[in-house]
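Going by numbering that gives the first Met the number 0, the first residue of the sequence shown is number 0, and it counts up by one from there.
We treat Cβ as the ideally placed atom computed from N, Cα and C, and that holds for glycine.
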Amino acid sequence: MASKIFSVIVALTLILSFAGFDSAKEPHALLENQRWIPGSSNCKEQSDPLIQVVQYNSNTWILRQNKCIHYEAPFMYLFLGKEKALLVDTGASEKEMLFPLYDVVSNIIQGAQKKKKKLKLIIAHTHSHSDHHAGDIQFKGKPDVDVAGLTVEEIKKFFSITHWPDGNAKLDLGERLIDIIPIPGHHESSIALYDQASKLLLTGDTFYPGRLYVDDWLAFKKSISILNSFAASHEVSYITGNHIEMSLRSGVDYPTGSTFHPEEQRLPLTVEELRELHEALSKSGDTPERMVFAKFIVTPK
């Protein structure tokens with residue numbers, strides 16, 4: 000990888016397989032059918048885009064970092080409202096030459112807005128592990144950009160969450176509300192985000208098709224219970240996290256550090272799978288235990 004500088008190309012995948020349109024919902028990408036770039040076993044020879052971009056609907060995008068730039072290959076989410084835009088997470092790399100996130104996000108917003116009012120960009124993080132905020136440095140000091148902090152106290156202040164972790168908050172992007180839900184367990188600063196427009200529920204590294212690393216077992220159990228109750232009482236189109244570490248084989252994950260996932264699991268998980276995890280955790284005791292499911296593996300630290 001170090002011996003080769005990739006050209007700065009972005010894959011903007013405009014999905015043609017939209018869900019059925021009705022008066023209440025606009026068409027959106029079918030994430031259960033979406034294939035992501037698998038990476039490569041020889042990163043010196045691969046020439047895939049540095050950032051893969053999928054347009055979910057007219058004002059929502061999902062971005063993924065190239066596995067050969069960083070094996071974590073984290074996902075990022077961009078939501079546009081009438082007044083503000085929200086970027087959730089900034090990936091695992093700082094250098095713009097290898098990971099031109101600021102340029103990609105700016106181009107998406109400019110292309111979507113055309114001659115409309117310029118949007119202020121807010122950057123939030125699902126939690127404060129470095130593979131979710133390394134790209135912050137590309138945005139700091141830029142005009143009309145507000146970057147949320149990483150500590151619990153900074154997050155509480157930024158979103159006006161009075162009671163952590165039992166209090167929620169709402170972020171108004173301008174005719175587009177995002178629910179902010181504290182879900183510590185994987186990390187003390189973990190949050191989930193629910194977009195009331197697209198019905199996407201973002202769960203970070205707390206619930207995704209991969210190894211669910213648990214730092215605080217009791218907090219994790221409580222947070223999964225909170226997510227389960229929320230999903231049961233709200234319309235959820237997809238539950239999406241920030242990585243894919245599982246293969247299509249039930250209960251089988253790719254090794255940590257792998258840059259090639261030829262048979263990678265799909266990104267979204269379901270409300271039913273969240274309920275399955277909640278029920279299993281409810282039956283478990285206070286002692287952390289490893290649990291293997293078809294699409295995720297609970298992995299206490």
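Unbroken stretches of the alpha helix (DSSP H), 4 residues or longer, contained in the stretch 94 to 119
100 to 112
Please report the straight-line C-alpha distance between residue 225 and residue 182, rounded to a whole angstrom.
8 Å
Pull up the distance between the alpha-carbon of residue 78 and that of residue 260, whole angstroms please.
27 Å
Looking only at its own chain, which residues have a Cβ that is under 7 Å from the Cβ of residue 163, when we skip the five neighbours before and after it?
151, 155, 181
Going by C-alpha to C-alpha distance, which of 295, 171, 123 sits closest to residue 207?
295
Return the Cβ separation of residue 242 and residue 204 in integer angstroms, given the expectation that the two are a contact with Cβ distance under 8 Å.
7 Å
Is residue 91 closer than 8 Å to residue 129 when the C-beta atoms are compared?
yes
Per DSSP, which one or two residues make a beta bridge with residue 246?
263
Reducing DSSP to helix, strand and coil, say where residue 274 ends up.
helix
With C-beta atoms as the reference, is residue 103 less than 8 Å away from residue 61?
no
Counting along the chain, where does the alpha helix (DSSP H) carrying residue 50 start and finish?
Unbroken run through residue 50 is the beta strand (DSSP E), 50 to 56; no alpha helix (DSSP H).
Member of 52, 275, 284, 107 whose CA lies at the smallest distance from the CA of residue 72:
52
Which of the three DSSP states, helix, strand or coil, is assigned to residue 218?
helix
Hey, could you find the ends of the alpha helix (DSSP H) residue 151 is sitting in?
151 to 158
For residue 206, name the three-state secondary structure that DSSP assigns.
coil
Given that a residue counts as buried once 16 or more other Cβ atoms are within 10 Å of its Cβ, and exposed if not, what is residue 109?
exposed
Between the CA atoms of residue 148 and residue 20 - distance to the nearest angstrom
Per-residue confidence for residue 20 stands at a pLDDT of 32, beneath the threshold of 50, marking its modelled position as unreliable; no derived number is given.
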